[in-house]
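A.B. asks: One structure, pasted below without further comment.
Protein chains: 2
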Amino acid sequence: MHGDLPGSPTTWQAIRDVMMRRIRTRAYTPGSLIPNEAELAAEFGCARATVNRALQDLAASGFLDRRRKAGTRVMEAPRRKATLDIPLIRNEVEARGQDYEYRPLLREIAPPPGPVAARLHLSGGETMLHVQSLHLADGAPHMFEDRWIVVDTVPAITGADLTRLSPNEWLVRESPYTHGTMEFQAVAAGAAAGPLACAPTDPVLSILRITWMHEAAITHVQEYFTPAFRLGLEL
Amino acid sequence: MHGDLPGSPTTWQAIRDVMMRRIRTRAYTPGSLIPNEAELAAEFGCARATVNRALQDLAASGFLDRRRKAGTRVMEAPRRKATLDIPLIRNEVEARGQDYEYRPLLREIAPPPGPVAARLHLSGGETMLHVQSLHLADGAPHMFEDRWIVVDTVPAITGADLTRLSPNEWLVRESPYTHGTMEFQAVAAGAAAGPLACAPTDPVLSILRITWMHEAAITHVQEYFTPAFRLGLEL
DNA sequence: GAGTGGTCTAGACCACTTG
DNA sequence: AAGTGGTCTAGACCACTCT
């Protein structure tokens, strides 16, 4: 049983790796109980806290299911979790070595359309700032955004200079959100075709983001990416 | 400076919440250094390890940037990270209270097409299992999948009964992967239109997944979701 | 009731990075 | 060279939950 960590310092990462291998190789079969922390600590010759750290990491990654008293089990169907970075568009573009450019297209005060009001839990009579803008990479259209901002939640937005700073960058700096939702879907470019310089029937990836400050809605933004765009992530 | 935790037990979650509030309210301004762990421990009246736990959590969430010797800084543009669950289609459908059904459409041994071979780092002469199948929710088409499996990496797949168990479920059970990539894009339904019962020009969300066992490619799967489908996640 | 994970402590040493 | 975060330890108590 010993000899897993030949002469190595007993770090929680090393323990995690050993346990990960045992899960992958089926030494611990899916659904089965693994030894408790005290036993593993004895096996690895380390403190229980070190084992705890390793197992918590694996549980956070979705490989283990831990319950007090019930013990730690190997997940049946490992819910693989991928972490999706939500960088600023500027950073995303510049990370690819391309030049980023931002172009405001529309700025108006208006009442929200029905669907927007519904998603933000508004009555529809509120004053909202409506902004449309285009984000470019190396001079080519990359993403068109159609955004509604709840002025009551972020009053300072009305005085913000959005000709150089994108509304998203302004919001990130000035008004952090407590939570939000995100939805991916494929749509026809439609009204976004003009700014994106594509056909209205072209399929484009669209992301709808809604963010909140506690119970107050901050913004509703629909992003339309250029047809060629692929969003990639690591597993 | 004290009084942040009136009479409460000093847990790392409580400390995290206090620090989070200070970041949100700009008590700690973006880019600035915050007090080091020892100072915070003194302020909160707890052990340094407890502060460490709280700050590591905030760093993992992208609000803090921590470096040895340099100290801990508030991130300028908080890289929000969303965790994306990758459940089995079956679980995803059943979680919505719908009936799940799986229907195999094609099963053949064939050499991989050029683009597939390229993405999997294959020469093109390999034997591969090509499978197409449809996943239904409450009897309606939900997702069409076009999958190529590297037989050399997963020899047992040739003997698997894929008439009742979907290839993905089989692979999850029998051949865990070490890593992989995922790409989201919007495409015209095209060849998937038939199985999905939509028009070939309808925009559909497509996910390309490629998984590996160390350096050996396991599978290349392109999933096409029904036009109405939205992939949602929490921030 | 009892077993298991969750967390805290106080101290120690190490690793990394910056000046 | 020195300051800071990263981690380990040994022990303790608590919280949850299963039987």
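Quick note, the sequences are listed as chains A and B, same order.
Position 221 of the first sequence, counting from 1, maps to 330 under the numbering used here, and the rest follow consecutively.
Position 37 of the second sequence, counting from 1, maps to 146 under the numbering used here, and the rest follow consecutively.
Idealized CB from N, CA, C, for every residue including glycine.
1. Pick out whichever of A:L243, A:I195, A:V160 and A:T262 has its Cα sitting closest to the Cα of M291 of chain A.
2. Give the residues of chain A in contact with E292 of chain B, contact being defined as C-beta atoms less than 9 Å apart.
3. Considering only residues of the same chain and omitting the five flanking positions on each side of R157 of chain A, which have a CB-CB separation below 7 Å?
4. Contact defined as beta carbons within less than 8 Å: I believe L142 of chain B pairs with R175 of chain B. What is the distance between those atoms, to the nearest angstrom?
5. Quick one, which residues of the stretch 118-137 of chain A are near chain B if we go by CB-CB under 7 Å, in chain order?
6. Where are the beta strand (DSSP E) runs, 3 residues long or more, that stay fully inside the stretch 155-192 of chain A, in chain order?
7. Taking the alpha-carbon of L245 of chain A as reference, which of A:A325, A:T335 and A:T120 has the nearest alpha-carbon?
8. According to DSSP, simplified to helix, strand and coil, what is N119 of chain A?
9. DSSP state of L344 of chain B, grouped into three classes?
10. Rounded to a whole number of angstroms, what is the C-alpha to C-alpha distance between L238 of chain B and A269 of chain B?
11. Shorter than 7 Å, the distance from the beta carbon of R130 of chain A to the closest heavy atom of the ligand MN, or not?
12. P250 of chain A lies in the beta strand (DSSP E); which residues open and close that run?
13. Let me make sure I understand the geometry here. Which of A:R199, A:L167 and A:G140 has the alpha-carbon closest to that of A186 of chain A?
14. What residues from chain B crowd round T236 of chain A, counting only those whose CB sits closer than 8 Å?
15. Report the start-end ranges of each alpha helix (DSSP H) in the stretch 195-253 of chain B that is 4 residues or longer and not cut off at the edges.
16. Does the Cβ of P250 of chain B have 16 or more other Cβ atoms within 10 Å, making it buried, or fewer, making it exposed?
17. Go ahead and label H230 of chain B buried or exposed: buried means 16 or more other beta carbons lie within 10 angstroms of its beta carbon, across all protein chains shown.
18. I'd like the span of the beta strand (DSSP E) that includes T301 of chain B, first residue to last.
19. Is the beta carbon of L344 of chain B less than 8 Å from the beta carbon of R130 of chain B?
20. Within the chosen definition, does the stretch 122-129 of chain B reach the stretch 312-332 of chain A through at least 3 CB pairs nearer than 8 Å?
21. Express the C-alpha separation of N200 of chain A and E278 of chain A in angstroms, rounding to a whole number.
22. For R318 of chain B, which of helix, strand or coil comes out of DSSP?
23. Going straight from the alpha carbon of E364 of chain B to that of D247 of chain B, what length do you get?
24. Look up F334 of chain B in the DSSP assignment and give the residues it is bridged to.
25. Terminal residues of the continuous alpha helix (DSSP H) containing R339 of chain B?
26. Grab me the residues of G112 of chain A's own chain with a C-beta within less than 7 Å of its C-beta, minus the 5 sequence neighbours each way, in chain order.
27. Leaving out the 5 sequence neighbours to the left and right, which residues in its chain are closer than 8 Å to A298 of chain A when beta-carbon positions are compared?
28. Going by C-alpha distance, which of B:D261, B:L243 and B:P285 is nearest L271 of chain B?
29. With DSSP collapsed to three states, give me the class of I266 of chain B.
30. Short of 7 Å in beta carbon distance, which residues of its chain neighbour I132 of chain B, apart from the five on each side in sequence? Order them along the chain.
31. If you draw a straight line from the alpha carbon of Q165 of chain A to that of F153 of chain A, how long is it in whole angstroms?
32. Could you check what DSSP says for E283 of chain A in three-state terms: helix, strand or coil?
33. Within the same chain, show all residues whose beta-carbon is closer than 6 Å to that of A226 of chain B, passing over the 5 residues directly before and after it, in chain order.
34. Between T346 of chain B and A326 of chain B, how many whole angstroms is the CB-CB distance? I'm expecting something under 8 Å.
35. For P309 of chain B, does the three-state DSSP call read helix, strand or coil?
36. For a cutoff of 8 Å on Cβ pairs, would you count D194 of chain B as touching chain A?
C.D. replies: Reading off the structure:
1. Taking the first sequence and counting its residues from 1, the one referred to as residue 291 of chain A is at position 182. Among A:L243, A:I195, A:V160 and A:T262, the Cα nearest to that of M291 of chain A belongs to A:I195.
2. Walking along the second sequence from the start, residue 292 of chain B turns up at place 183. The answer, in chain order, is R339, L340, G341 and L342.
3. Along the first sequence, read from residue 1 onward, the residue named residue 157 of chain A stands at position 48. E146, A147 and A150.
4. Residue mapping note: residue 142 of chain B aligns to position 33 of the second sequence, counting from 1. Residue mapping note: residue 175 of chain B aligns to position 66 of the second sequence, counting from 1. Not a contact, Cβ separation roughly 11 Å.
5. R133
6. 173-176 and 180-183
7. In the first sequence, counting from the first residue as 1, residue 245 of chain A sits at position 136. Nearest C-alpha to L245 of chain A: A:T335.
8. On the first sequence, residue 119 of chain A is found 10 positions in, with the first residue counted as 1. Checking the sequence, you will find Thr at residue 119 of chain A rather than Asn. Three-state DSSP puts T119 of chain A in coil, outside helix and strand.
9. Your numbering for residue 344 of chain B matches position 235 in the second sequence. Coil, per DSSP.
10. Within the second sequence, numbered from 1, the residue matching residue 238 of chain B stands at position 129. Within the second sequence, numbered from 1, the residue matching residue 269 of chain B stands at position 160. If you take the alpha carbons of L238 of chain B and A269 of chain B, they lie about 11 Å apart.
11. Looking at this structure, you won't find the ligand MN or any other ligand, since it has none at all.
12. For the purposes of this step, residue 250 of chain A is taken as residue 141 along the first sequence, with counting starting at 1. Note, P250 of chain A: beta strand (DSSP E), A249 to V259.
13. Stepping through the first sequence from its first residue, residue 186 of chain A is reached at position 77. With distances taken between Cα atoms, A186 of chain A lies closest to A:G140.
14. If you number the first sequence from 1, residue 236 of chain A lands on position 127. Chain B residues near T236 of chain A: none, gap ~24 Å exceeds 8 Å.
15. 198-204 and 223-228
16. Mapped onto the second sequence, residue 250 of chain B falls at position 141. P250 of chain B should be labelled buried.
17. Along the second sequence, read from residue 1 onward, the residue named residue 230 of chain B stands at position 121. So H230 of chain B ends up on the exposed side.
18. Mapped onto the second sequence, residue 301 of chain B falls at position 192. It should be pointed out that residue 301 of chain B corresponds to Ala in this sequence rather than to Thr. Run containing A301 of chain B: none; DSSP gives neither H nor E here.
19. Indexing the second sequence from 1 puts residue 344 of chain B at position 235. Indexing the second sequence from 1 puts residue 130 of chain B at position 21. No, they are not a contact pair.
20. no
21. As a working mapping, residue 278 of chain A is identified with position 169 in the first sequence. As a working mapping, residue 200 of chain A is identified with position 91 in the first sequence. Roughly 11 Å between the two C-alpha positions.
22. The residue you call residue 318 of chain B lines up with position 209 of the second sequence. R318 of chain B falls in the strand class under three-state DSSP.
23. This structure gives no information on residue 364 of chain B, because the portion of chain B shown stretches from 110 to 344.
24. Here residue 334 of chain B is taken as the residue at index 225 of the second sequence, counted from 1. Paired residues: B:M252.
25. Counting from one through the second sequence, the residue named residue 339 of chain B turns up at place 230. Premise fails: R339 of chain B is in no alpha helix (DSSP H) and is neither H nor E.
26. On the first sequence, position 3 is the one that residue 112 of chain A refers to. Because G112 of chain A carries a pLDDT of 39, less than 50, the predicted location of this residue cannot be relied on, and the following value inherits that uncertainty. Excluding sequence neighbours, G112 of chain A sits near nothing in its chain.
27. Working through the first sequence from its first residue, we reach residue 298 of chain A at position 189. Around A298 of chain A: L305, C307, A308, P309, T310, D311, P312, V313, Y333 and P336.
28. Working through the second sequence from its first residue, we reach residue 271 of chain B at position 162. Residue B:L243 is the option with its Cα nearest to L271 of chain B.
29. Position 157 of the second sequence, counted from the start, is the residue given in the question as residue 266 of chain B. Of the three classes helix, strand and coil, the one that applies to I266 of chain B here is helix, per DSSP.
30. For the purposes of this step, residue 132 of chain B is taken as residue 23 along the second sequence, with counting starting at 1. Excluding sequence neighbours, I132 of chain B sits near F172 and V183.
31. Residue mapping note: residue 165 of chain A aligns to position 56 of the first sequence, counting from 1. Residue mapping note: residue 153 of chain A aligns to position 44 of the first sequence, counting from 1. C-alpha separation (whole angstroms): 16 Å.
32. Mapped onto the first sequence, residue 283 of chain A falls at position 174. Residue state, collapsed to three classes: helix.
33. Within the second sequence, numbered from 1, the residue matching residue 226 of chain B stands at position 117. So the qualifying residues of the chain are G233.
34. Absent from the structure is residue 346 of chain B, since the part of chain B shown begins at 110 and ends at 344.
35. Here residue 309 of chain B refers to the residue found at position 200 of the second sequence. In the structure shown, P309 of chain B sits in coil (DSSP, three-state: anything other than H, G, I, E or B).
36. Looking up residue 194 of chain B in the second sequence gives position 85. It does; some Cβ of chain A falls within 8 Å.
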